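Everything on this sheet refers to the single structure shown next.
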Amino acid sequence: MTPAPPTCRSGHSSAARPRPPRALRNLNAKIASVPMILTALVVFMGGTAWTVAHSFTKSRLLPKWKFVGFDQYERLWSSNRWLISVENLLIYGLCSLVLTMAIGFTLAALLDRKIRFEGAFRTIFLYPFALSFVVTGLAWQWILNPDFGIQNVVRSWGWESFAFDPLNNPETVIFGVLIAGLWQGSGFVMVIMLAGLRGIDEDIWKAARVDGIGVTKTYVRVIIPMMRPVFVTALVIIASGIIKLYDLVVAQTNGGPGISSEVPAKYVINYMFEAQNLGQGFAASTMMLLSVIIILVPWAYLEFGGKKRG
Amino acid sequence: MTLMTHSVEIRDLDLHFGELQVLHQLNLDIEQGEFLVLLGSSGCGKSTLLNCIAGLLDISDGQIFIQGQNVTWAEPSERGIGMVFQSYALYPQMTVERNLSFGLKNARLPKPEIAKRVARAAEVLQIEPLLKRKPAALSGGQRQRVAIGRTLVRDVDVFLFDEPLSNLDAKLRADLRVELKRLHQQLANTMIYVTHDQVEAMTLADRIAIMKGGRIMQLSSPDEIYNRPQNLYVAGFIGSPAMNLIEGVLIDGVFHAGSLALPMQRYDYRNGPHHGAAVIGIRPEHILTGEQITRADATAEVLVDLVEGLGSDTLVYATHGAQNLRLRMDGASRVSAGDRLRIGFDTARASLFDPNTEARL
Amino acid sequence: MTLMTHSVEIRDLDLHFGELQVLHQLNLDIEQGEFLVLLGSSGCGKSTLLNCIAGLLDISDGQIFIQGQNVTWAEPSERGIGMVFQSYALYPQMTVERNLSFGLKNARLPKPEIAKRVARAAEVLQIEPLLKRKPAALSGGQRQRVAIGRTLVRDVDVFLFDEPLSNLDAKLRADLRVELKRLHQQLANTMIYVTHDQVEAMTLADRIAIMKGGRIMQLSSPDEIYNRPQNLYVAGFIGSPAMNLIEGVLIDGVFHAGSLALPMQRYDYRNGPHHGAAVIGIRPEHILTGEQITRADATAEVLVDLVEGLGSDTLVYATHGAQNLRLRMDGASRVSAGDRLRIGFDTARASLFDPNTEARL
Amino acid sequence: MVDLTPQTPKGSPVRILDGPRGAKPKTRVSRRNVMLYGTLLLIALYYLLPLYVMVVTSLKGMPEIRLGNIFSPPVEITFQPWIKAWSEACTGINCDGLSRGFGNSIKILVPSVALSIAIASVNGYALANWRFKGSETFFTILIIGAFIPYQTMLYPIVIILRELKLMGSLWGLVLVHSIFGMPILTLLFRNYFSSLPEELFKAARVDGAGFWGIYLRVMVPMSIPIFVVAMILQVTGIWNDFLFGVIYTKPETYPMTVQLNNIVNSVQGVKEYNVNMAATLLTGLVPLVIYLVSGKLFVRGIAAGAVKG
Amino acid sequence: ADLEVTHWWTSGGEAAAVTKFADAVNGQTAHNWVDGAIAGSGTTARPIIISRILGGDPMAATQLTHGRQAEELIEAGLMTDLTELAEKEGWRDIVNPPSLLDSCTYEGRIYCVPVNIHSTQWLWLSHEAFDKAGMSVPQDWYEFVAAAPKLAEAGIVPLAMGQQGWQQRIAFGALTVGLVDPDSWRKVSLERDAGVAAGPQYAKVFDAVVDARELARNSNVQDWNLATNMVITGKAGGQIMGDWAQGEFTLAEQVAGQDYTCLPGMGLNQIIDTSGDAFYFPVIDDAEVRQAQMDMASVLISKEVQVAFNLTKGSLPVRGDVDLSAANDCMKKGLAILADGNVLPSMDQAFSADTQAQIQDLMAEFWASDMAAADAQARYAEIIADAD
Ligand SMILES: Nc1ncnc2c1ncn2[C@@H]1O[C@H](COP(=O)(O)OP(=O)(O)OP(=O)(O)O)[C@@H](O)[C@H]1O
Ligand SMILES: Nc1ncnc2c1ncn2[C@@H]1O[C@H](COP(=O)(O)OP(=O)(O)OP(=O)(O)O)[C@@H](O)[C@H]1O
Ligand SMILES: [Mg+2]
Ligand SMILES: [Mg+2]
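Protein chains in written order, with our numbering: chain A, 1 to 310; chain B, 1001 to 1361; chain C, 2001 to 2361; chain D, 3001 to 3309; chain E, 4001 to 4388.
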């Protein structure tokens, strides 16, 4: 279509454009990534480094360079409240992980059974996710209140000895928090699971039916193992929420009764601002970070660093 | 009815998806050990029919018998059928061995029996070295074999295949086609096979059912389908390049179309001679050229428009007046666009159709 | 270097993905107006090569010239190429018209010029009625045409196609193949076409480049490739069913394999006669049967193992001692498994290879 | 393995075309359905309970609340608590309820959502289609950042904002929301853009579109579902945020949640549960409505962006 | 100029009191009080206030508990020096007790305006409750403990206690001041004498807390004012709470001595501490605002405003020279103790926030568990030994 190239072209390399230097290749992408790079380096890395560095100081109300070595950590790990916080987080985290997954998956599986009113059910299970933890905490604090909540109602039906008062018992309070946490978080996990289920090859179901494998068994032995990546996604999302657990506890129990429902994030906040012992707060948050990194780095490496896309 | 039953019988099968009727009063008898291929263009209801037979879809009306048992309401696993899917639907997290044995374990067969059957299937399909691998570590062809193996171990009467080769590349497809054919000769089970690949259908089938819009258009042997299509749809559908279809009129046993006049004396009419409007169908390879032209009942000269050399054959697109003609010639032929070519018609191998009913004359 | 340049020239092209070297010191000259097909099995680097030419992949070493310009480091849009993808890659949210004009708008062409070119392309491709539709409302074939149109409007020198037909069903594929061929005759642009479908390659190409593991194994006309493969790989790769390859030994111009003795007097050696181990390759259709057997240089008797009727042809799988043979016979042949069949060899059309170097003798 | 002799049917030697025919009879109340819907309804009840309690309580007067049962419907419906929560409740010396927080929340919400989505989508696009050396490393750091409890970052961010002279301004808060929304949103967008056919991207490059041209003209119009998901997540997150809203702004621009906290935590004699509930509901209304309206899109978008196989 | 003021006075009585300040500022100066109330006590408010100041966008004035909280901010030069104004108005002469001004002083300069005196050592008793149980109102802590079983019999919660750490800490502090002799108290609180903290004097306190824990077993309210409300309505016999509880009684129109009784120092040691609130003025680089800050400081400490504010809030004014004839019974008790000079430094002055937080954690744990008095005392002694 175009005319033949001009006749007087002597050699090939005359118009050759040199290989562009490395730094300038993909320049626009690099420019566009500046916010991400800044956030990653300055805010997350820088902020973290700053925090870790100050955890070795005797900072009080204001950050100060008064180096005290591992003093803050020693005190941290000898603090009863911190130990209880960690224990609570472990209990809550473990239960929350397992139960959120279980509930989320069960709901998704139920909804995936081609039922009527799927939209309505889905909305009902999902709406708590739209509410803040503060709201969730308040609502459940109230429902679990023995004087006018569930216990009171059941008693008013005539079952006088009925007792359901998780929030005022140090042994059970964390499970009271768990009830609210599950209520809020499982809907979102359900959506993720549902999306995952919808992605499963229809033929697998048919194959299982022809093989005579029951629905439950198909889920357990075939579908769930196939959804590994979905579970990993859900796991990461839930886990990141668990570590940050703070608002819910503050709104629902404020750490009480006593210190029996304290959690690490709350410890951090209280020591940073109320006790005005930044060093202690930073030491606690460094411990939290450390555990996050131990769990996460291998995962992130596998997920993002290792394999390359075509 | 005799005591001798068909392997699969389908009676007056109807299937709706909501408003949409996908299968219409469909009847089909399949013999013991027969290899039946369901062929049709996309969306004609092939998979739907197969799923009805398997019990994976609840039918709207009609009955289904397998080995003489009414299985209309039976569960898929109780029908004595096995199914191989297009995507194979292997359980990805289980080894090949577990894939094969999973159904049996579920049916609570004794361990030694399971081991025996798995070993047997692995032997038949030559997948013994793969037993410990997971599906992800298998090639397409190997996966396909495992999928068949999963059906094999269950000792079923009827094998159902839904386009089991269409995900593979051409070479592998050709190889596996041959293997499948051998397997059928060895096992002699009834097999129902869905495809939209004509080559597969022609090579594999004992009988082919050509479907269109939820109805069976013709159910015959591949040879019959190819050489004696029962209606225009089948005629146009089967064969690549497609049959040349020329509209004209049949007067006193001679077919006239434009300047063409083909004496149809040697034509084998279905219901005796016919007069009036007709469509003649002639396959590209039944248009004779070169020395063979002596065998022709009539000849004509055409203008070559385009030539495609396939190596083994040469396809020639030519025109005769306003009429486009496709010819298949020998791979060694040296024709090129613009040439004028003398061709001959072998009317005995042609087909005639009524343009109104579209049925074969 | 002459003043008259090739359309595309590739010099010593290397490409790595990390550790993996995908293209190895590849050289390729493509003439003005040539239709070049890159053919090879999956993963051999066809798409990679095409992407390098298009500038969509940064090469590791070497140079690329288009119309005599060194475009090794030019942006894709500056190379004077257009590309049609397997999935067509139409912009789903734009109408056909916007799809066509997108590239021109990016190049800031004046509005009237854009309109003119879009109209022209739409006319050539006969998609005028579709201009206001979105891609989702088009059939596969129509989409394909729009994808070509997008390239057409840009008035480029070289068209690149990456398996543009492989997403279509068999029938449509055949039709579009013919259309594409016509289009090339009409436009006379240089076209580089990637496929792994032999039929496409054979029918479309002026020259075919057979690739394997990032290297070009043979670059010749389809006829040459089919009838005079340069090495064992090409011989085995091209042709369906594949060429019969028989190992034996060449002694005094006679090829011996088991009880078979084929006089190779009529064979056209590349470098003069050869002695010692050799592999003979004979295409299924060059094994003669029936009356043609008189033309044969040697005959043998085989046992028919499996017969596949394709309608137009019949494929016969047979054995001669331990040797498996594939034969292609006429569609009307009546052979069945178990038959004994007399066959003849046309040695002039056979190929001989050195089993060590794998090269043609 | 296969018996080639034809089988005689079991039972009657003469097989007639009898037995079941037509569609398998399905009772509407099969055991399976009872189980299925029963379970669903039960769980739905658990999920609805708090909402029900909040609504019912917000419509009762205080005397009725004190009488006890939180589950009983209001005898006498009163909207007074809603009015009070919206425009009368006091914090400190201001008695104008949530109403003034609402406008602020909107003012914070709109630019925050817009900016955070804009940044994250461009980042995701660069990561998916224009990788460069180190891009994945930065991304990994970013993702780990998603796990850092916000509270630990309060001080460093205060310092950053101080250096940028953005402390206390609306834009400071917008920036903070963009930073903390970035990890998850970038992940979503990156996964989504990766799932789009790469050929489209290549086609656009051949067509001469540059980095921004492809993003704006090709990618964005194709990515509505994921933009919807991102929007929903951000609206929920930012609307419900209390911590940043209160720390990085000042009283004139306090968002609704701060007002809510003030109302709920300012106990005046007795806790006015009805007002608290009304205030809570009012605050949650915006995200709730968004969820109700766009639930289906949300699931679709999640399927496209978060769950990769 | 607009003066943005942050504070956490949001309960009914508190809000009414702060309105007096706002009215005074708006009325007596040309400036405008912009209220920045943050509910949820100092825990919520303090991080906000501190971040704002550190972030370079401070409010014009803020409430802080005086004592050691602001020391570092002053040190960092973030707070406005009020010395000039103080000298001009002679604060050193009018502020009573003078220790209040000392708390505002850092290296000889004055940085805050004390606005009230709060004492935390009060036992509030409900007449209605004791009437119901058919008893007379007890006169000290031990009598109260003795009366408890009868209250419980009558279905009354003997001791109302909000289940929040700071309330438990205050109760502990109150019992300490009430039960321990002042010398021992000083040894522990000011000299960090861990030996005394572990000794028999303090053992009494921990036993008393064990008693209190028992008495409050059925009190399951969270907020202090809800606990106060139990006393007001006769659902509870008594409550240990600071003098700000007075505001709630006033709001409920109860009359001291008639509807309720207040016992400073648990009715044992007639001593109170003098903590209180103060206003600080962060440095703002704007002359107009700086002037406004001075004007506001001057208004806050002026006579009429002090009276109006403290009467509403239930706290004591920081000036000895005001007329409090309108004060009620309880306030007068407090004033009398003040006048006698039976005052101790407040906890905020004695301990750093960090140490207080540790004590609070200990108390929270102690109240909610069955920890033995001896164990708690041992841990308390440890905290004292490490205190700074
Ligand atoms: N679950 C379903 N709901 C509604 N319509 C359906 C459903 N499954 C299939 N159909 C419709 O029924 C018709 C037949 O579908 P079927 O899958 O049997 O076609 P097919 O012949 O297998 O086609 P293909 O070759 O593409 O697989 C189609 O028109 C299809 O749209
Ligand atoms: N981005 C990539 N990173 C790493 N390896 C790649 C990438 N793209 C392709 N490859 C590898 O390069 C080789 C050639 O790939 P290419 O896509 O060119 O094959 P192809 O010949 O086009 O195959 P197909 O017919 O399947 O399209 C393959 O082994 C492939 O795995
Ligand atoms: Mg199908
Ligand atoms: Mg490719």
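The beta-carbon is built from N, C-alpha and C at its ideal position, and this holds for glycine as well. As the structure is a prediction and not an experimental result, all values here were calculated from the model.
DSSP lists B:Ile1066 as the bridge partner or partners of Gln1069 (chain B). The DSSP-derived three-state label of Met3256 (chain D) is helix.
Straight-line spacing of the CA atoms in Gly3295 (chain D) and Thr123 (chain A) works out to 6 Å. Exclusion of the five residues before and after Ser2312 (chain C) leaves Gly2331 as the residues of its chain whose Cβ lies within less than 8 Å of its Cβ. In terms of side-chain proximity, the C-beta atom of Ser1087 (chain B) is found no nearer than 6 Å to any non-hydrogen atom of ligand 3.
Taking C-beta atoms under 8 Å as the contact rule, Pro1284 (chain B) and Arg1328 (chain B) qualify, at a distance of about 4 Å.
Put simply, the backbone Cα of Leu3175 (chain D) is about 19 Å away from that of Phe3139 (chain D). In chain order, Tyr3150 place their CB closer than 7 Å to the CB of Leu3243 (chain D), counting only its own chain and leaving out the 5 sequence neighbours on each side.
Here Val34 (chain A) is exposed. Its C-beta has fewer than 16 other C-beta atoms within 10 Å. Thr4176 (chain E) places its beta carbon 7 Å or farther from that of Val4157 (chain E).
Contact residues of ligand 1 (beta-carbon closer than 6 Å to any heavy atom; chain order) are B:Phe1017, B:Leu1020, B:Val1022, B:Gly1040, B:Ser1042, B:Gly1043, B:Cys1044, B:Gly1045, B:Lys1046, B:Ser1047, B:Thr1048, B:His1196. DSSP lists B:Leu1315 as the beta-bridge partner residues of Glu1308 (chain B). When secondary structure is reduced to three states using DSSP, Gly2321 (chain C) falls in the coil class, being assigned neither helix nor strand.
The beta carbon of Asn4026 (chain E) sits closer than 7 Å to the beta carbons of Asn4032, Trp4033 from its chain, once the five residues preceding and following it are set aside; these are given in chain order. Along the stretch 188 to 222 of chain A, the positions whose C-beta sits under 7 Å from a C-beta of chain D are Val191, Ile192, Leu194, Ala195, Gly196, Arg198, Gly199, read in chain order. Residue contact check for Pro298 (chain A) against chain B: no CB pair falls below 7 Å. In this structure, Phe67 (chain A) keeps its C-beta atom at 7 Å or more from the C-beta atom of Thr51 (chain A). Taking 7 Å as the cut-off, the Cβ atoms of Leu2361 (chain C) and Tyr2233 (chain C) do not count as close.
When the Cα atoms are used, Gly4036 (chain E) and His4118 (chain E) turn out to be separated by approximately 22 Å. Short of 6 Å from the beta carbon of Val268 (chain A), and not among the five residues preceding or following it, lie these beta carbons of its own chain, in chain order: Gly281, Ala284, Ser285. The three-state reading of DSSP puts Arg1360 (chain B) in strand, counting E and B together. DSSP lists C:Tyr2193, C:Ile2208 as the bridge partner or partners of Val2037 (chain C).
Taken in chain order, the complete alpha helix (DSSP H) segments of 4 residues or longer contained in the stretch 4292 to 4324 of chain E are 4303 to 4313. Taken atom to atom, the span from the alpha-carbon of Ser1041 (chain B) to that of Lys206 (chain A) is near 23 Å. In this structure, Gly2253 (chain C) keeps its C-beta atom at 7 Å or more from the C-beta atom of Ala2296 (chain C). Distance from the Cα of Val1158 (chain B) is smallest, within the candidate group B:Val1304, B:Gly1321, B:Pro1129, B:Ala1054, for B:Ala1054. Residue environment for Val4188 (chain E): buried (at least 16 other C-beta atoms within 10 angstroms of its C-beta). With a cut-off of 8 Å on Cβ pairs, the stretch 4339 to 4351 of chain E is in contact with the stretch 4265 to 4281 of chain E, counting three or more such pairs.
The Cβ-Cβ distance between Pro1164 (chain B) and Pro1135 (chain B) does not fall below 7 Å. Within the stretch 2136 to 2165 of chain C, the complete beta strand (DSSP E) segments at least 3 residues long are 2158 to 2162, listed from N- to C-terminus. Under DSSP, Met4079 (chain E) takes part in a beta bridge, and its partners are E:Pro4282.
Annotation for Tyr4280 (chain E): Thr4062, Leu4064, Ala4070, Met4079, Cys4112 place their beta carbon closer than 6 Å to its own, counting only its chain and skipping 5 residues before and after. Beta-bridge partners of Cys4112 (chain E) (DSSP): E:Tyr4280.
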